[in-house]
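Below is one structure, written out as structure tokens; comments come after it.
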Amino acid sequence: MTTVSLKLPDPLALRLEVTARRNSISKSALIRAALETYLREDEAVPEDSALSRVPDLKGVLSGPEDLSVNKSYLKNFGR
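If you count the sequence shown from 1, you need to add 1 to reach our numbering.
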């Protein structure tokens, strides 16, 4: 296992300590879990996708992702 050293702002260090204590895990384990989650989510969206270019818009709209699931949208299409 590789050792990594980092500096945290005091408020973030306090949040880390409180959360680790509340979950009865070490700060290192909490940082590893958070990093795993972040990297997994980051890898889920291909870099060259349209979504990767506008990540702040993700989830702002509601409704079906694909309009073809509602056949009424296709009624009279092409007529």
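Just so you know, even glycine gets a beta-carbon here, dropped at the ideal spot from N, CA and C. Predicted model only: the values in this text are computed from it and were never measured.
Select from the options the residue whose C-alpha is nearest the C-alpha of residue i.
i: L7; options: R33, N24, L40; result: R33
Ordered along the chain, which non-local residues of its own chain (more than five positions away) have a Cβ less than 7 Å from that of residue i?
i: A21; result: S27, K28, L31
Please list, in chain order, all residues of the same chain as residue i whose beta carbon is under 6 Å from its beta carbon, the five residues on each side excluded.
i: L17; result: K28
i: F78; result: none
Who are the near neighbours of residue i in its chain, counting only those whose CB is closer than 8 Å to its CB and skipping five residues on each side?
i: N24; result: L31
With respect to the alpha helix (DSSP H) encompassing residue i, which residues constitute its N-terminal and C-terminal limits?
i: R22; result: 11 to 23
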